[in-house]
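Structure first, then comments.
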Amino acid sequence: MNRLLLAAAALALAVTTGPAMLGQAQAAPAAKAAECSNAARMNDASWQEHYHCWNNGQATAPTVPVAAKPAPSTKSPECSNTARMNDASWQEHYHCWK
């Protein structure tokens with residue numbers, strides 16, 4: 039009987055605190071401090087840094103997409119044959135003009 043009562047109490051505790059703990063993990067980012075809107079301290083960098091006025095849980099710089107790497111050259115080694123550089127049929131056959 040004692041084990042059953044203890045198990046029921048543990049289950050009740052888990053059911054009541056579980057959603058509350060989950061809600062804490064998904065809290066919204068904090069708003070800026072009221073001191074950030076102080077007009078006299080607007081240009082004071084140490085004031086702005088102390089009250090975290092610049093970074094409000096967002097990225098400090100806009101994200102820039104990374105340029106794709108150029109495709110590797112698909113030219114065949116025969117394209118660099120200097121003896122056949124002016125031979126149009128050779129260049130066309132090995133797709134050197136791509």
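Per my numbering, the sequence shown starts with residue 39, numbered consecutively. All C-beta atoms, glycine included, are put in the ideal place defined by N, C-alpha and C. None of these values were measured; they are calculated from a predicted model.
- CA-to-CA, the gap between N119 and A109 works out to about 22 Å.
- Ranked by how close their Cα comes to the Cα of Y89, the residues K70, N81, A106 and A78 have K70 in first place.
- Sequence-distant Cβ neighbours of N76 in its own chain, meaning closer than 7 Å and more than five residues away, do not exist here.
- DSSP places P115 within a helical segment (H, G or I) once states are collapsed to three.
- Listed in chain order, the non-local C-beta contacts of W85 below 6 Å within the same chain comprise R79, local neighbours out to five positions each way being set aside.
- The DSSP-derived three-state label of V53 is helix.
- DSSP, reduced to helix, strand and coil, places H133 outside both helices and strands of the structure shown, so it counts as coil.
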